[in-house]
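S.K.: For reference, each letter of the sequence shown is one residue, going 382 to 822 in the numbering used here.
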Amino acid sequence: QLAFVRRNESGHFRVAIAPLDDLETFRYLTTSKDGFWYHRNPRFSPDGTRISYNAARDLWIVQVDGGRPRQLTFENKPIGEADWSGESIIFSRLSSGVSALWRLDPAGGSPERLTTGSSFETHVSPSGDGRTIIYSTERSETWLNLVNHLTGVRTRLGDVLNPDMASMAPDGSSIAFSASYREGYCIFLQRLHEGQPVGKVQLLISQPGTYANPVFSTDGRWLAFHRVIGDQRDIWTLPVEGGVPFQITTDEGADVCPYFSPDGTRLAFASDRNGRFHIWWVPIEDGRRVGEAEQLTFEDTTDYLPRISPDGSMLAWLGNRDDEENLWIRSLTGPAKPRALTKGRRIRATWWEPGSSTLLVSGDWEGEALSLRRISALEGLISNVDIPVDFGRGETGGTGFASGAISLSSDGRFSVHSQNAMTGDLWIIQAESDDRIKTEK
Numbered sequence: 382q383l384a385f386v387r388r389n390e391s392g393h394f395r396v397a398i399a400p401l402d403d404l405e406t407f408r409y410l411t412t413s414k415d416g417f418w419y420h421r422n423p424r425f426s427p428d429g430t431r432i433s434y435n436a437a438r439d440l441w442i443v444q445v446d447g448g449r450p451r452q453l454t455f456e457n458k459p460i461g462e463a464d465w466s467g468e469s470i471i472f473s474r475l476s477s478g479v480s481a482l483w484r485l486d487p488a489g490g491s492p493e494r495l496t497t498g499s500s501f502e503t504h505v506s507p508s509g510d511g512r513t514i515i516y517s518t519e520r521s522e523t524w525l526n527l528v529n530h531l532t533g534v535r536t537r538l539g540d541v542l543n544p545d546m547a548s549m550a551p552d553g554s555s556i557a558f559s560a561s562y563r564e565g566y567c568i569f570l571q572r573l574h575e576g577q578p579v580g581k582v583q584l585l586i587s588q589p590g591t592y593a594n595p596v597f598s599t600d601g602r603w604l605a606f607h608r609v610i611g612d613q614r615d616i617w618t619l620p621v622e623g624g625v626p627f628q629i630t631t632d633e634g635a636d637v638c639p640y641f642s643p644d645g646t647r648l649a650f651a652s653d654r655n656g657r658f659h660i661w662w663v664p665i666e667d668g669r670r671v672g673e674a675e676q677l678t679f680e681d682t683t684d685y686l687p688r689i690s691p692d693g694s695m696l697a698w699l700g701n702r703d704d705e706e707n708l709w710i711r712s713l714t715g716p717a718k719p720r721a722l723t724k725g726r727r728i729r730a731t732w733w734e735p736g737s738s739t740l741l742v743s744g745d746w747e748g749e750a751l752s753l754r755r756i757s758a759l760e761g762l763i764s765n766v767d768i769p770v771d772f773g774r775g776e777t778g779g780t781g782f783a784s785g786a787i788s789l790s791s792d793g794r795f796s797v798h799s800q801n802a803m804t805g806d807l808w809i810i811q812a813e814s815d816d817r818i819k820t821e822k
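1. Please name the residue, chosen from R602, R537, W524, R520, that lies closest to S554 on a Cα-to-Cα basis.
2. Check whether the segment 486-502 touches the segment 522-542, counting contact only when three or more Cβ pairs, one atom from each stretch, lie closer than 8 Å.
3. Considering only residues of the segment 649-677, which uninterrupted beta strand (DSSP E) runs meet the minimum length of 3 residues and lie entirely inside it, listed in chain order?
4. Identify whether Y419 lies in helix, strand or coil by the three-state DSSP scheme.
5. With a 10 Å radius around its C-beta and 16 neighbouring C-beta atoms as the bar for buried, classify R669 as buried or exposed.
6. Which residue's Cα is closest to the Cα of P769: I763, S752, A758, S757?
7. What residues are listed by DSSP as bridge partners for D507?
8. Would you mind giving the Cβ-Cβ distance between D439 and F455, rounded to the nearest angstrom? I have them listed as a contact below 8 Å.
9. State the Cα-Cα distance for the pair M803 and G773, rounded to the nearest angstrom.
10. Need the endpoints of the beta strand (DSSP E) that W709 sits in, please.
11. Give the secondary structure of L762 by DSSP, where H, G and I count as helix, E and B as strand, and everything else as coil.
12. Could you compute how far the alpha carbon of R688 sits from the alpha carbon of T523?
13. Going by DSSP in three states, P639 sits in which element: helix, strand or coil?
14. What separation, rounded to the nearest whole angstrom, lies between the Cα atoms of Q588 and G539?
15. Using only the heavy atoms of the ligand ATP, determine whether one of them is closer than 6 Å to the beta carbon of P551.
16. Contact between the segment 621-635 and the segment 575-582 is defined here as three or more beta-carbon pairs at a separation below 8 Å; is this criterion met?
17. For the putative contact between T430 and Q452, defined by C-beta atoms under 8 Å, what is the C-beta separation to the nearest angstrom?
18. Give me, in chain order, the residues of the same chain whose beta-carbon lies closer than 7 Å to that of L542; leave out the 5 immediate sequence neighbours on both sides.
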């Protein structure tokens, strides 16, 4: 049999199993109740009766012949890749800012730490007898690049840890982004003048929870973002100049990726409240919700990252089907039939250019790693861009954890995007005859 992760009808990755000679005859072993957000990294136990897997937080185990999965760790923190070593499970875990390897007996007991955590330790591969463990260490650096489209000058912004998902204020006066803070992510603000940073980075909110995907309202007065508290993800707004945040959505489903309409009267977002992620929007006034949410997309795709054109006439978004991420568009003023602007792609992010006729789109294009293209909203024509945008490459030519996120000022003069660089090493742990552990690079 083969264990793997596959998107279910709701668009979430869940653990599935199928016979090797008939992979289409698969069955899911996990549901949305069996671990937060996504499930990944399934591994068979040596006797083939159990499968361990990671949720977005913590380590889980499930019987191959069915039954309710069981949670193994309760730190409410991300778990790196895990694998079996005899009757134990070796896994990496980030704790107190340090990523180290741990060993756990799934029959019971507390995790035992194996390494000191010299770097981000992951990709665990134990030997069958459990006396040797090979793993990798990753060193990943992420920063923001501010680009002046008139001069081509790029300015690096990297005063915080792991900044990403940056949004440019419409007038180019500041950028908002999420970055590591304590053991989660919070929203930060960097003021700008003529495309250059002014003053220090400001922490905008430090209340409990993890924050992501900040975007500015058209008048620059408000930020919207999604906030994670426990297993719940909802849309919130916050005055840019500081103040009390307002909760916009309260549905039990996950609500993420907000985006303001140009007139500031609606806030679009992605939600799985009806079982699959689709695009919705809700009326707002002065940063507060003033009506009920309305669904905008209905296709058999998993939809997210809505982007409303500057003139308010069109909605663009990313839609996933059969593990392809394509760019979709529909009218908001006339016939609402959606159409795909790309096919067979892996699109990462998009942003409208001034004039509402073209979008900048990051993705994995033919023969290239993550890069930027321009796409016509009417014909879907794809062309190269002369904007000096580099999302980053690792030593092997890959893009690491680069998200491809990009944001423009309303006049198109400035943009901000994240760049990532990654390096790594292989390590081996061997148990010596006296049961001491010896680590070699």
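Each residue gets a CB set at the ideal place from its N, CA and C atoms; glycine is no exception.
M.R.: Once the coordinates are examined:
1. Residue mapping note: residue 554 aligns to position 173 of the sequence shown, counting from 1. S554 has its Cα closest to that of R602, out of R602, R537, W524, R520.
2. With a cut-off of 8 Å, the segment 522-542 and the segment 486-502 do not count as touching, because too few Cβ pairs lie within range.
3. 659-666, all fully within the segment 649-677.
4. On the sequence shown, residue 419 is found 38 positions in, with the first residue counted as 1. Correct three-state label for Y419: coil.
5. Counted from its first residue, the sequence shown places residue 669 at position 288. Looking at its Cβ environment, which holds fewer than 16 other Cβ atoms inside 10 Å, R669 is exposed.
6. Your numbering for residue 769 matches position 388 in the sequence shown. Scanning I763, S752, A758, S757 for the CA closest to the CA of P769 turns up S752.
7. Against the sequence shown, residue 507 aligns to sequence position 126. Sequence check: residue 507 is Pro here, not Asp. According to DSSP, which records beta bridges pairwise, P507 is partnered with I514.
8. Within the sequence shown, the letter at position 58 stands for residue 439. Within the sequence shown, the letter at position 74 stands for residue 455. Rounded, the Cβ-Cβ distance is 7 Å, consistent with contact.
9. Counting from one through the sequence shown, the residue named residue 803 turns up at place 422. Counting from one through the sequence shown, the residue named residue 773 turns up at place 392. Our two residues, M803 and G773, have alpha carbons roughly 9 Å apart in a direct line.
10. Mapped onto the sequence shown, residue 709 falls at position 328. Element bounds for W709: 705-712.
11. By 1-based counting over the sequence shown, the position of residue 762 is 381. Reduced to three states, the DSSP call for L762 is coil.
12. The sequence position of residue 688 within the sequence shown is 307, counting from 1. The sequence position of residue 523 within the sequence shown is 142, counting from 1. About 24 Å.
13. Stepping through the sequence shown from its first residue, residue 639 is reached at position 258. Here P639 sits in strand by DSSP.
14. Taking the sequence shown and counting its residues from 1, the one referred to as residue 588 is at position 207. Taking the sequence shown and counting its residues from 1, the one referred to as residue 539 is at position 158. Rounded to the nearest angstrom, the two C-alpha atoms are 23 Å apart.
15. With respect to small molecules bound, the structure shown includes none, and the ligand ATP cannot be examined in it.
16. Flag = no, the segment 621-635 and the segment 575-582 do not touch.
17. As a working note, residue 430 is residue 49 in the sequence shown. As a working note, residue 452 is residue 71 in the sequence shown. Contact doesn't hold; Cβ gap of about 18 Å is too wide.
18. For the purposes of this step, residue 542 is taken as the residue at position 161 of the sequence shown. Cβ neighbours of L542 beyond the five flanking positions: A560, S561.
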